[in-house]
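*Asks:*
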Amino acid sequence: MEVTPCRSHKLCTFSLPKYTRIFLFLAVCVVIFMVFCTDVIVNKSKPIVNIPSNITSKHSFCTFRPISPEEALEEKSILESIAWPRYPSLQQKYSLTNKKYPACGNFTILPRRGGGKWHIGDQLEVLIQIHDYLCRPKKYGGDVLLARLHTPALEAGVAGQVVDHHNGSYSAVFTLLWEGRAEVEVTLVHSSEAVEVLRRLTSKHPDRVNFKSLFRSGSKSESTTCNVCLRPSRTPLCNFTDVRTGEPWFCYKPKNLSCDSRIDHSKGGFSQNLRPNEQKLFVSKVNMKVHILTSGPSDVFVMSNKQDEPNSTMSSGRWTPSGFYYQGVWRSLGGTAVREFSPQQMTQCLKGKQVHLYGDSTIRQWFEYLNGALPNIRQFDLHTKKQAGPFMALEYTNNIMVTFRCHGPPIRFGGLQTSDLRYIANELDGVKGGRDTAIVVGIWSHFSTFPMEVYIRRLMSIRRAVVRLLVRAPETLVVVRTANVKALTLYETLTNSDWYSMQRDKALRAVFKGMNVRLVDAWEMTIAHHLPHNLHPERPIIKNMINVLLSYICPEKKKKKA
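According to this note's numbering, the residues represented by the sequence shown are 1 to 562, in order.
#1: Out of Leu508, Asp436 and Phe447, state which residue places its alpha-carbon closest to the alpha-carbon of leucine 477.
#2: Out of Arg112, Gly415, Ser169 and Arg208, which has the shortest C-alpha to C-alpha gap to arginine 262?
#3: Excluding five sequence neighbours on each side, which residues of the same chain lie with their C-beta closer than 6 Å to the C-beta of glycine 218?
#4: Which two residues bound the contiguous beta strand (DSSP E) that contains threonine 347?
#5: Beta-carbon separation of tyrosine 87 and serine 169 under 8 Å?
#6: In chain order, what residues of the same chain lie with their CB nearer than 7 Å to the CB of glycine 526, ignoring the 5 residues before and after it?
#7: Quick check on the burial criterion: 16 or more other C-beta atoms within 10 angstroms. Buried or exposed for alanine 487?
#8: For the stretch 262-329, which segments carrying the alpha helix (DSSP H) assignment without a break, of at least 4 residues, lie completely within its bounds, in sequence order?
#9: Pick out whichever of Pro66, Ile78, Thr495 and Gly408 has its Cα sitting closest to the Cα of arginine 509.
#10: Taking a contact to mean a Cβ-Cβ separation below 8 Å, would you say threonine 489 touches serine 284 in this structure?
#11: Let me make sure I understand the geometry here. Which of Asp505, Leu198 and Arg378 has the alpha-carbon closest to that of leucine 274?
#12: Report the residue from Gly372, Gly389 and Ser81 whose alpha carbon sits nearest the alpha carbon of proline 343.
#13: Quick one: Cα of aspartate 420 to Cα of phenylalanine 391, how far?
#14: Can you tell me the Cα-Cα spacing of lysine 543 and serine 68, whole angstroms?
#15: Would you tell me roughly how many angstroms separate the C-alpha atoms of phenylalanine 64 and serine 332, rounded to the nearest one?
#16: Could you work out which residue in Thr245, Thr225, Lys289 and Leu145 is closest to cysteine 238 when comparing CA atoms only?
#17: Only counting the same chain, and skipping five residues up and downstream in sequence, which positions put a Cβ closer than 7 Å to that of lysine 548?
#18: Over what stretch of residues does the beta strand (DSSP E) that includes asparagine 227 continue unbroken?
#19: Would leucine 176 and leucine 124 qualify as a contact pair, given that the criterion is a beta-carbon distance under 8 Å?
#20: Tell me whether lysine 212 sits in a helix, a strand or coil according to DSSP, three-state version.
#21: Which first and last residues belong to the alpha helix (DSSP H) in which glycine 372 is found?
#22: Per DSSP, which residues does isoleucine 128 bridge with? Please list them.
#23: Using the three-state DSSP reduction, which class does leucine 508 fall into: helix, strand or coil?
#24: Do the CB positions of aspartate 264 and arginine 231 come within less than 8 Å of each other?
#25: Give every residue of the same chain whose Cβ lies closer than 8 Å to the Cβ of phenylalanine 450, excluding the five residues on either side of it in the sequence, and list them in chain order.
#26: Quick one: grab the DSSP three-state call for isoleucine 82.
#27: Indicate whether valine 355 and tryptophan 178 have their beta-carbon atoms separated by less than 8 Å.
#28: Is cysteine 135 helix, strand or coil when you go by DSSP?
#29: Quick check: the Cα distance between methionine 502 and glutamate 475, rounded to an integer number of angstroms?
#30: Report the rounded CA-to-CA distance for isoleucine 456 versus glycine 408, giving the unit in angstroms.
#31: Which full runs of the alpha helix (DSSP H) of 4+ residues lie inside the stretch 461-533, going along the chain?
#32: Where proline 555 and glutamate 340 are concerned, what is the direct C-alpha to C-alpha distance, given to the nearest angstrom?
#33: For arginine 518, which option in Gly160, Met545 and Gly116 has the closest C-alpha, if you only look at C-alpha atoms?
#34: Checking 8 Å against the spacing of the C-beta atoms, do asparagine 167 and tyrosine 133 come in under that value?
#35: Can you grab the Cα-Cα spacing for the pair leucine 154 / valine 479, in whole Å?
#36: Output the distance between the C-alpha atoms of threonine 294 and leucine 149, rounded to the nearest integer angstrom.
Listed below in structure tokens is the structure:
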């Protein structure tokens with residue numbers, strides 16, 4: 001660089017022919033960076049050519065919301081805690097012609113510890129042995145099993161805890177909670193071989209359910225594919241990542257329209273991506289959702305507790321369910337006592353209160369129940385679609401308001417206007433809260449086809465919003481609904497299997513553990529009930545769930561001691 005010496009008090013003159021282009025290049029970079037930042041702040045979508053770089057190596061074309069180092073450690077811990085056993089690589093490829101193989105398996109009720117008769121409070125243990133497709137005892141675990149103890153005549157039922165011993169045998173543990181004859185029921189949901197297929201589908205094909213958005217400007221309209229997992233393409237992307245939560249969402253850019261012309265969201269297509277013969281692993285009542293037979297008696301007779309005998313279950317602490325059914329009514333075993341509410345009692349409980357429901361169609365059921373059961377409540381017509389909402393119901397006499405809004409994408413509802421695509425965390429930030437406000441969150445079903453990280457990070461985002469809400473309004477009641485079991489067709493299995501739901505149920509409990517929130521244990525409530533499994537539980541189960549909710553809102557007052 002040449003420097004002209006100063007010969008006066010005037011400004012020195014520098015000659016910069018060698019660096020001028022570098023300075024200009026840096027200046028242009030700064031301007032581009034500022035424009036990009038401004039674009040992010042105002043949340044206007046611009047086409048981007050490549051999928052963003054914050055992608056994990058495990059899922060090469062899925063984009064995850066950035067998280068803090070502390071959240072990353074928590075996420076790792078959750079993933080490790082719900083890791084499912086892998087069965088060993090089998091050289092022999094079974095033809096799967098022996099479709100009756102679950103009948104080869106069996107369960108056995110083990111004798112009472114210490115001998116003698118069964119009493120309320122005892123721990124009942126069942127040993128289960130699973131066989132392979134050649135009716136040989138399996139030497140590895142990883143099967144998905146459900147267990148319940150029930151007495152049809154009493155409309156009584158309770159879920160059992162299943163333990164995998166990783167050698168083809170399992171234990172199911174039950175708490176004995178009522179007198180009389182109680183029958184054990186063990187259900188094989190999926191074999192470990194089927195689980196490997198489901199695992200592979202999520203790893204290799206997390207985009208097997210895709211979504212669509214319509215873009216329109218004047219007379220022109222185009223529809224493109226959208227997802228959080230979009231495969232690399234030469235087609236530019238529209239970035240619809242939420243500015244406040246950081247939740248990622250992308251659509252392929254329309255050829256002749258701008259990203260800003262997007263007007264709706266809906267579910268697109270579905271691809272099975274099954275290999276030859278794999279479909280045979282998912283046959284209902286053959287090797288999927290089929291009862292395991294017993295090698296001996298399938299029931300026990302339970303007697304009342306002796307006055308001088310300690311409650312063995314409560315003292316052992318091995319397994320205590322969240323509750324059980326007796327005469328068709330759910331009874332809690334910990335925390336707030338659940339009581340039944342008549343329509344008039346429901347009105348009295350909710351007088352002067354707001355109930356805001358956020359989530360999927362299983363939460364929409366709660367809105368529909370309250371809207372139908374509360375006397376004099378009327379749904380306000382918001383001119384929204386029956387499946388997606390949002391909905392609002394008002395009862396003016398007693399100043400009651402109930403609302404429902406579905407969670408943001410991914411959601412498989414059809415024809416949602418972009419203005420109605422709201423993330424739960426953002427909605428919670430807009431709630432004033434207080435002692436007259438109840439919040440219900442239920443979000444699980446629509447995340448089944450995606451990597452667990454997508455779901456865990458969404459829950460963490462909601463959790464942060466719950467923390468903010470409880471800081472500014474500590475008396476706000478926050479209730480979280482868990483996942484539930486369902487009937488399984490091939491389509492339901494590949495998109496929403498009980499195994500997927502089970503994993504997300506565990507993650508949800510881990511994320512909200514230790515927080516000042518209440519839980520409605522839909523998982524146990526649907527396993528324990530005598531009604532068939534259903535994605536949308538039948539009305540008697542919903543009634544019991546609403547009783548749990550109302551018991552949280554209006555807990556029974558403790559009687560004063562005389």
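In this text, a Cβ means the ideal position worked out from N, Cα and C, and glycines have one as well.
*Replies:* Working from what's here:
#1: Asp436
#2: Gly415
#3: none
#4: Not the beta strand (DSSP E): threonine 347 falls in the alpha helix (DSSP H), residues 343-350.
#5: no
#6: A small correction: the amino acid at residue 526 is threonine; glycine does not occupy that position in the sequence shown. So the list reads Asn484, Val485, His533, Pro537 and Ile541, once near-sequence residues are dropped.
#7: exposed
#8: 312-316
#9: Ile78
#10: yes
#11: Leu198
#12: Gly372
#13: 11 Å
#14: 40 Å
#15: 37 Å
#16: Thr225
#17: Correcting the residue identity first, residue 548 is valine in this sequence and not lysine. So the qualifying residues of the chain are Trp330, Val338 and Val520.
#18: 220-227
#19: yes
#20: strand
#21: 361-373
#22: Phe107 and Tyr170
#23: helix
#24: no
#25: Cys62, Thr202, Pro206, Val228, Cys229 and Pro410
#26: coil
#27: no
#28: coil
#29: 31 Å
#30: 15 Å
#31: 490-496, 498-512 and 522-528
#32: 11 Å
#33: Met545
#34: no
#35: 29 Å
#36: 14 Å
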